[in-house]
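Worksheet: the structure to be examined is printed underneath.
Protein chains: 4
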Amino acid sequence: MGMVGGGLDAFIGAVHRRAAGFDNEIELVCGVFSASSDKSKATGHALYLPEDRVYTSFEEMIEREKTLPDGVRMDFVSIVTPNHLHFPPAKMALENGFHVICDKPMTLNLEEAKELVKIVEKSGLVFGLTHNYTGYPMVKEARDMVRNGKLGKLRKVVVEYPQGWLSKKEEDNNYKQAIWRTDPAKSGAAGCMGDIGTHAENLAEYVTGLKISELCADLSTFVPGRQLDDDGNVLLHFEGGAKGVLHASQIANGEENALKIYVYGELGGLEWHQMEPNTLKYKTQEGQRIIRPNVGDLSASAKAHWRLPSGHPEGFFEAFANIYRNFAYAVKAHMEGRQADPVYDFPGVDDGVRGLAFIDTVIASSKTEEKWTKFIN
Amino acid sequence: MGMVGGGLDAFIGAVHRRAAGFDNEIELVCGVFSASSDKSKATGHALYLPEDRVYTSFEEMIEREKTLPDGVRMDFVSIVTPNHLHFPPAKMALENGFHVICDKPMTLNLEEAKELVKIVEKSGLVFGLTHNYTGYPMVKEARDMVRNGKLGKLRKVVVEYPQGWLSKKEEDNNYKQAIWRTDPAKSGAAGCMGDIGTHAENLAEYVTGLKISELCADLSTFVPGRQLDDDGNVLLHFEGGAKGVLHASQIANGEENALKIYVYGELGGLEWHQMEPNTLKYKTQEGQRIIRPNVGDLSASAKAHWRLPSGHPEGFFEAFANIYRNFAYAVKAHMEGRQADPVYDFPGVDDGVRGLAFIDTVIASSKTEEKWTKFIN
Amino acid sequence: MGMVGGGLDAFIGAVHRRAAGFDNEIELVCGVFSASSDKSKATGHALYLPEDRVYTSFEEMIEREKTLPDGVRMDFVSIVTPNHLHFPPAKMALENGFHVICDKPMTLNLEEAKELVKIVEKSGLVFGLTHNYTGYPMVKEARDMVRNGKLGKLRKVVVEYPQGWLSKKEEDNNYKQAIWRTDPAKSGAAGCMGDIGTHAENLAEYVTGLKISELCADLSTFVPGRQLDDDGNVLLHFEGGAKGVLHASQIANGEENALKIYVYGELGGLEWHQMEPNTLKYKTQEGQRIIRPNVGDLSASAKAHWRLPSGHPEGFFEAFANIYRNFAYAVKAHMEGRQADPVYDFPGVDDGVRGLAFIDTVIASSKTEEKWTKFIN
Amino acid sequence: MGMVGGGLDAFIGAVHRRAAGFDNEIELVCGVFSASSDKSKATGHALYLPEDRVYTSFEEMIEREKTLPDGVRMDFVSIVTPNHLHFPPAKMALENGFHVICDKPMTLNLEEAKELVKIVEKSGLVFGLTHNYTGYPMVKEARDMVRNGKLGKLRKVVVEYPQGWLSKKEEDNNYKQAIWRTDPAKSGAAGCMGDIGTHAENLAEYVTGLKISELCADLSTFVPGRQLDDDGNVLLHFEGGAKGVLHASQIANGEENALKIYVYGELGGLEWHQMEPNTLKYKTQEGQRIIRPNVGDLSASAKAHWRLPSGHPEGFFEAFANIYRNFAYAVKAHMEGRQADPVYDFPGVDDGVRGLAFIDTVIASSKTEEKWTKFIN
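Protein chains in written order, with full-length UniProt numbering: chain U, 1 to 377; chain H, 1 to 377; chain B, 1 to 377; chain P, 1 to 377.
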């Protein structure tokens with residue numbers, strides 16, 4: 001693996017590195033960790049990389065690595081830069097024969113996303129997108145239960161993602177995470193909705209297997225002077241008739257990272273909270289069952305994404321690692337000319353397009369006086 | 001107290017009687033418990049009432065009781081019939097000098113509600129409305145914290161009220177509670193939104209002290225053949241700029257009575273769940289505090305609505321009893337020509353009008369293609 | 001009902017009155033509410049009792065009431081005094097033909113308890129003991145599940161009852177509840193163990209159907225100068241081979257009233273918390289089921305002790321009211337010469353003896369250097 | 001790092017490897033993963049180790065590695081074998097200049113433990129013991145709060161560790177984890193008490209800073225035919241006067257890995273659950289505060305053991321990784337002749353001796369008829 005982005009001061013770079021290394025399937029062999037050559041070198045040094053594998057631009061990395069022998073050169077590129085720097089390295093890597101795994105949202109805008117779909121298709125290579133919340137085993141179990149009809153035909157979906165960390169104008173406090181996320185040039189057209197609304201959208205579509213067909217959005221910027229939305233409430237219509245609500249916020253004061261989903265069908269309901277990720281509640285009019293990893297009879301998918309005895313909590317890193325491990329399995333299968341085992345699924349380029357389309361749709365909806373805006377796709 | 005409605009098979013009648021009697025301030029002295037004279041008598045008998053105080057119509061009750069001497073005749077009327085039978089007895093009681101406490105929604109429609117306001121004003125009598133969820137001590141504490149600026153200026157409100165008991169067509173199963181609630185002639189223009197949406201609306205306005213100014217509603221009827229909405233999702237705008245979401249459902253399969261509210265302001269947030277009513281969560285970026293009845297420093301209002309040592313759970317009946325006790329205090333104050341103590345507050349005719357206006361507004365909004373509908377008032 | 005004790009400043013008196021009146025089966029008709037005649041009268045007045053039914057001693061009450069006609073005179077006596085004043089009125093009431101319901105522990109010591117058993121037997125009258133925690137519907141369900149073999153043969157029982165309200169020397173702060181509870185003359189030989197340890201013991205024996213056969217106790221008085229134990233840890237052996245732990249404390253700083261029980265058998269386990277009384281957790285190696293009142297298939301016993309739709313929380317008062325209502329049913333059955341329906345069970349004189357024996361046993365055990373002390377019975 | 005034990009079918013081996021690699025401070029360079037040479041090779045192969053660094057005995061590994069140049073040879077040995085195979089490789093490694101990190105309990109018996117203390121002292125090398133539960137940041141915070149007097153003088157400690165996975169005789173089901181844990185030759189003198197009772201003991205002493213001075217134990221073997229205890233209840237006395245209860249079980253049917261601790265002092269109480277490790281409850285009579293990683297003002301220690309933004313759950317692996325990382329820091333400091341920073345603490349040889357002494361004491365206590373057995377040290 002070669003990494004683009006993820007300098008020492010970038011929280012998400014270290015997450016990706018730990019996730020990639022977690023199951024001993026992936027080794028970091030090179031990287032360009034910062035636009036600053038000094039920072040890139042310092043990061044490479046701290047990571048015990050040889051100096052000649054620490055680059056100063058992704059272009060240099062891709063060109064140089066291409067010349068290295070099989071088994072030495074990187075097999076794929078991991079892109080963990082701010083959003084505006086996803087597309088260029090992804091495109092170049094794919095066009096030079098490297099698989100790609102990329103942070104979300106996939107690109108800066110929908111146009112790039114659609115172009116990337118074509119590039120991936122043309123390349124025949126593996127593309128992974130780190131919508132990490134779908135890597136939790138209980139999310140897998142939820143999806144499996146929906147697929148197997150345990151809930152019957154779905155009627156209602158509520159997905160909520162409140163955070164409070166941008167309740168004040170942190171972008172003025174030299175807080176790096178806040179600065180780029182509130183800057184349209186780096187983050188894209190949406191703030192909160194791009195950063196976490198897309199996670200909520202992805203989770204809802206993943207668990208239910210349904211696609212949003214139209215929506216009605218009310219985006220807000222509560223903190224004066226902020227350039228992008230920091231809160232949004234959205235009514236949802238899904239293909240097939242289910243309805244729902246999605247709300248996300250970065251000004252929900254005192255909330256940490258409280259992504260939750262509730263799904264209701266003709267036969268029962270499900271509830272899952274990211275902050276207690278190892279509990280899935282299954283409710284019917286006969287009572288409630290608590291579903292937990294490694295307890296009782298679970299789907300093959302839930303089993304394949306858990307490593308410990310029951311009651312030994314896995315968390316965010318392990319869910320993230322599931323995405324990386326599954327991506328690595330797919331890369332391996334590709335190298336060996338095999339089909340990858342579908343139980344090891346991971347988000348890809350289609351999820352990426354949906355995410356950018358979601359951003360465009362909520363923004364369009366938020367600006368119009370019409371109630372319903374068709375999901376732009 | 002004389003009661004209108006509340007026969008032996010009516011769940012809510014027994015709730016009102018227990019709530020009324022709970023603090024030994026109110027005695028049931030007469031009633032007309034059913035449109036059926038036999039049922040009314042049977043109920044009166046079961047309640048150990050003298051036969052001559054069990055009536056066959058509310059008109060008879062009001063006229064007869066008027067003739068009884070002070071201290072013997074009822075002081076007020078409690079109305080616990082289905083919605084279409086709220087207005088007529090309320091009007092007649094008030095016009096004959098009896099105070100009134102009435103179940104919600106206050107009337108069958110907004111017109112009646114507005115007329116009732118005038119009747120109450122003209123009478124100078126006390127009118128109470130049993131929006132019982134505002135009777136919980138931790139709801140009182142939440143309101144007090146908002147009022148005292150603990151949350152700063154409010155930004156976002158999420159109120160949700162999922163139930164699952166109408167997931168099937170229970171109105172065809174000879175289930176009395178389901179039958180009248182899904183019949184527009186008895187329930188009014190809304191189903192789920194009238195029955196529980198109004199509780200959510202009332203709770204949100206009560207806790208925040210803010211009024212909804214406009215909304216965007218998406219009501220649904222998921223169970224085929226049902227006459228009224230059984231689910232609704234609503235975007236909210238409040239006066240002063242706060243925004244929010246209200247969703248309520250009676251097809252949220254497996255949910256019991258899961259009314260919850262989340263309020264976020266510039267300084268902090270609050271969270272309260274009706275099913276664990278003795279816990280109020282107060283969240284800021286400094287951490288979370290669990291607020292509980294009779295623990296530490298609480299508002300006068302929270303203290304005035306709790307009876308036990310800490311850790312001895314009070315619940316639905318006690319919150320309901322708070323409404324009745326406070327109403328009784330107001331009646332007593334009226335009799336004695338005093339101002340009632342504002343710490344013993346209870347919902348009244350204005351809350352009733354807001355509730356009916358909310359019903360009309362969500363129905364109007366749900367039918368239009370325009371995004372925002374002004375709150376009809 | 002005539003009441004002994006329960007003046008206006010006594011918390012538990014008001015609990016008994018509300019519980020007694022809750023289901024409209026019991027009416028308070030007379031009482032002696034305090035050793036002080038003035039206080040007794042003031043309480044009777046506040047309760048709207050006629051002056052001639054407010055007495056100055058229990059002897060006077062019992063003698064006078066005996067002379068009143070059927071239907072007017074009290075049917076039973078409710079005793080809510082501190083522990084040293086349980087036995088005398090209970091004895092006299094029973095010997096004069098009145099049924100008795102009494103707060104726990106039943107008497108000041110085991111001798112009185114054993115004598116009371118004989119008096120009750122001789123009288124043929126109904127005796128109830130307000131071990132109120134067994135009145136919760138989910139406790140009934142737990143007992144039913146154990147009886148029906150859902151857990152298999154029991155192996156382990158953990159019952160814990162931490163409170164923190166005596167962490168400081170409150171008995172020096174003119175705090176009435178603290179004063180008598182820490183005074184051996186009024187409370188008996190044990191403090192914490194008598195006040196709440198007996199509840200824990202009663203709950204464990206009730207739910208499991210097993211009797212403690214021997215135990216090893218470590219009682220402590222942590223607050224300097226306090227006369228009785230304020231904390232205790234006890235190892236338990238049950239008849240039939242199950243083992244367990246009971247610990248109770250009134251110096252568990254910050255705890256409210258956190259009575260909990262865990263029961264494990266060959267086939268599964270149960271968990272119940274008094275502070276969230278409407279949830280019973282049933283755990284097996286196949287997963288966990290959440291059992292809730294009025295949801296799904298429950299025992300006749302759980303159903304008979306719940307009044308509301310699901311999700312409408314009942315609490316401490318309602319559990320207490322279940323004891324009173326069941327006692328009232330038994331009194332009624334006695335009057336009518338019928339057997340009472342066993343589904344409406346309530347604690348009685350045998351539970352009372354077990355409680356006093358438990359107190360004597362833990363005190364004896366705490367003083368000896370031998371590990372195991374046989375349960376004194 | 002060179003590893004002893006941890007073949008592919010051993011759950012704990014993979015845990016140690018992931019924990020060791022997590023923070024990019026430690027690299028696995030060699031190992032002897034099984035007594036079977038084939039299995040050892042297969043594991044080495046799966047871990048991408050060079051063949052010549054996969055050994056067939058720990059003796060061979062230690063001797064061979066000694067001959068390798070600095071920077072190539074392993075720096076320390078990680079021992080993850082069943083208990084009877086801890087002491088021999090630890091001794092040899094230390095005597096040959098290698099630091100050691102070892103699974104718990106430290107040795108098969110107390111004699112070995114005491115001998116190991118001397119060996120470690122003589123060697124001057126770093127010794128770590130993976131009592132991993134002390135690696136959680138909220139456990140660190142709890143210890144810090146106790147140290148800083150937030151609870152005042154401690155009075156009561158309750159530590160409980162229920163598991164249910166040995167409710168049936170799994171050792172007859174070819175279940176490797178069960179087989180060695182119930183075999184005295186491999187596990188030592190205790191079963192449940194050695195496997196998880198020692199974790200509870202270590203956690204209690206770690207958080208409180210108090211040492212158990214005497215105890216009264218009641219160990220049981222509930223599953224017929226099992227050779228070692230599968231359940232135990234223990235009364236505790238601590239130096240300085242605090243008292244407590246420790247109970248652990250592997251037949252608590254339906255429990256997963258429910259280690260919990262409650263600590264009460266003169267000023268407040270703490271509660272922590274391993275299965276929700278990122279929540280620490282701090283309770284006083286003024287109310288309850290929820291303490292969470294990366295929220296508000298925390299101790300340096302809590303901060304130093306957390307990697308993510310708040311609300312992104314870390315779990316078992318991360319706590320385990322904290323032990324390894326801190327051990328690595330100490331090794332590094334040793335290499336560089338520096339004192340290690342005490343904020344990066346980890347369990348060591350003294351904890352190991354306490355653990356074995358605890359095992360001996362509970363077994364001795366369980367066999368005697370005397371109530372209190374002094375803690376053997």
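Idealized CB from N, CA, C, for every residue including glycine.
Since the model is a prediction, treat every value here as computed from it, not as a measurement.
Rounded to whole angstroms, what is the Cα-Cα separation between U/GLY232 and U/ILE363? When rounded, the distance between both Cα atoms is 10 Å.
Buried or exposed, going by whether 16 or more other CB atoms sit within 10 Å of the CB of U/MET106? Per the 10 Å Cβ criterion, buried.
Along the chain, where does the beta strand (DSSP E) that runs through B/VAL159 open and close? Unbroken beta strand (DSSP E) run through B/VAL159: 154 to 162.
4-residue-minimum alpha helix (DSSP H) runs that sit fully inside the UniProt domain "GFO/IDH/MocA-like oxidoreductase" (140 to 270) of chain U, ordered along the chain: The UniProt domain "GFO/IDH/MocA-like oxidoreductase" (140 to 270) of chain U contains these whole alpha helix (DSSP H) runs: 176 to 181, 184 to 187 and 198 to 208.
Member of B/THR221, B/GLU239, B/GLU286 and B/ASN257 whose CA lies at the smallest distance from the CA of B/TYR133: Comparing Cα-Cα distances from B/TYR133 to each of B/THR221, B/GLU239, B/GLU286 and B/ASN257, the minimum goes to B/ASN257.
Out of curiosity, what's the CA-to-CA distance linking P/LEU108 and P/ASP229? Here the alpha carbon of P/LEU108 sits roughly 16 Å from the alpha carbon of P/ASP229.
What did DSSP end up calling U/GLY128 once you bin it into helix, strand or coil? Looking at U/GLY128 - three-state DSSP - the assignment turns out to be strand.
Taking Cβ positions, are U/LEU270 and U/LEU210 nearer each other than 9 Å? No. Outside cutoff.
7 Å CB neighbourhood of H/GLY348 in its chain, flanking five on each side removed: So the list reads PHE127, GLY128 and LEU129, once near-sequence residues are dropped.
How about H/HIS199: is its C-beta nearer than 9 Å to some C-beta of chain U? No - not a single Cβ of chain U is within 9 Å of the one on H/HIS199.
Can you grab the Cα-Cα spacing for the pair B/ASN83 / B/SER187, in whole Å? Distance between the alpha carbons of B/ASN83 and B/SER187: 5 Å.
What is the C-beta distance between H/ASN253 and U/GLY315, in whole angstroms, given that I count them as a contact (C-beta under 8 Å)? Going by Cβ atoms, the distance from H/ASN253 to U/GLY315 rounds to 29 Å, so no, they are not a contact pair.
Does any residue of chain U have a CB that is nearer than 9 Å to the CB of B/GLU160? False, the Cβ-Cβ gap to chain U never drops below 9 Å.
Could you have a look at P/VAL72 and say whether DSSP puts it in helix, strand or coil? Coil, per DSSP.
Bounding residues of the beta strand (DSSP E) (the contiguous stretch that carries residue 378 of chain H): Here chain H comprises residues numbered 1 to 377, so residue 378 of chain H is not present and cannot be evaluated.
Checking the sheet assignment: what are the DSSP bridge partners for H/TRP272? DSSP output for H/TRP272 lists H/ILE261 and H/LEU280 as bridge partner(s).
Using a Cβ distance threshold of 8 Å, determine whether the segment 233 to 241 of chain U contacts the segment 289 to 307 of chain P, with at least three qualifying pairs required. The segment 233 to 241 of chain U is not in contact with the segment 289 to 307 of chain P.
Per-residue contacts from P/ASP144 into chain H (C-beta, under 8 Å): Going along chain H, no residue has its Cβ under 8 Å from P/ASP144, so there is no contact; the nearest lies around 15 Å.
Using CA coordinates, which residue listed in P/ARG307, P/ASN326 and P/TYR329 is at the minimum distance from U/ILE12? Taking U/ILE12 as reference, the option from P/ARG307, P/ASN326 and P/TYR329 with the minimal CA-CA separation is P/ARG307.
Would you report the Cα separation of U/GLU25 and U/GLY31, rounded to the nearest angstrom? Going by the C-alpha atoms only, they are around 18 Å apart.
Just to confirm my understanding: we take P/GLU27, look at its own chain, exclude 5 residues before and 5 after, and list those with CB closer than 7 Å. What are they? Contacts found: MET1.
Are H/VAL159 and U/HIS247 closer than 9 Å when you measure CB to CB? No, the pair does not count as a contact, with Cβ atoms beyond the cut-off.
Given a cut-off of 9 Å, decide if U/ASN322 and U/PHE346 are closer than it, judged by their beta-carbon atoms. Contact flag set, yes.
Exposed or buried, U/MET335, counting other C-beta atoms within 10 Å across all chains shown (16 or more means buried)? Answer is exposed; the Cβ neighbour count stays below 16.
Provide the residue span of the alpha helix (DSSP H) that contains P/GLY13, from first to last. Looking at the DSSP string, the run of the alpha helix (DSSP H) that includes P/GLY13 is 11 to 21.
Shorter than 9 Å from the beta carbon of B/ILE376 to some beta carbon of chain P? Closer than 9 Å: no.
Whose C-alpha, out of U/SER301, U/GLN163, U/ILE179 and U/ARG226, is nearest the C-alpha of U/VAL343? Nearest to U/VAL343 by alpha-carbon distance, out of U/SER301, U/GLN163, U/ILE179 and U/ARG226, is U/SER301.
Going along the chain, which residues of its own chain have a beta-carbon closer than 6 Å to the beta-carbon of P/ARG73, five neighbours each way excluded? The beta carbon of P/ARG73 sits closer than 6 Å to those of GLU65, all from its chain and outside the five residues before and after it, given in chain order.
Within chain B, the residues that U/GLU286 reaches when beta carbons sit closer than 9 Å: Here the neighbours are VAL295, GLY296 and ASP297.
Of the listed residues U/PHE22, U/ALA46 and U/HIS99, nearest to U/ALA319 (C-alpha basis): Residue U/PHE22 is the option with its Cα nearest to U/ALA319.
Taking the runs of the alpha helix (DSSP H) that are 4 residues or longer, which of them lie wholly in the segment 74 to 121 of chain H? Taking 4 residues as the shortest admissible run, the segment 74 to 121 of chain H contains the following complete alpha helix (DSSP H) segments, listed from N- to C-terminal end: 87 to 95.
Between P/THR67 and P/MET92, what straight-line distance do the alpha-carbon atoms span, to the nearest angstrom? Cα-Cα distance, rounded: 15 Å.
Name the chain P residues whose beta carbon is nearer than 8 Å to that of B/ASP231? Those within 8 Å of B/ASP231 in chain P are ARG155, LYS156 and LYS243.
Does the beta carbon of U/ILE119 come closer than 9 Å to any beta carbon on chain H? For U/ILE119, the nearest beta carbon of chain H is not closer than 9 Å to its own beta carbon.
P/THR368 at chain C interface by Cβ criterion, 9 Å: The question asks about chain C, but that chain is absent: this structure's protein chains are U, H, B and P.
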